[in-house]
Amino acid sequence: MTYEHGPDVHRVSISFTKHGHDGVWIESRVNNGEWVALGADNSKPHYDTRPMIDPSLPEVREYRLRWWDKGIPNGEFSPIQKIVVVG
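Set out below in structure tokens:
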């Protein structure tokens, strides 16, 4: 997972391996808030392009993934990954 930022891009790039599944279901939270669904993805990387809550303050984004098969998220969540996003 990497944070890509510059004049024309501000995004978190999330790489994953499907291990024979249709894809992954991705959830995220910001600064220990509520988990929100970012949706399913079947091609990598997934880009989180959500704007920052307050671009003048760094924020901690956390991500967890689970398998996505036949339109349904399934299995246990992956370990949580964290990244600090700055404006």
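Under the working numbering, read the sequence shown as residues 344 to 430, first letter to last. Using N, Cα and C, we set each Cβ at its ideal position, and we do this for glycine too.
For Trp411, the enclosing beta strand (DSSP E) has its first and last residue at Glu402 to Asp412. DSSP places Thr345 within a strand segment (E or B) once states are collapsed to three. Within the same chain, Gly366, Val367 and Ile369 come within 7 Å of Asp384 by CB-CB distance, once the 5 residues on both sides are set aside. As DSSP reads the structure, Arg372 sits in a beta bridge with Glu405. As a beta-bridge residue in DSSP terms, Asp391 pairs with Val355.
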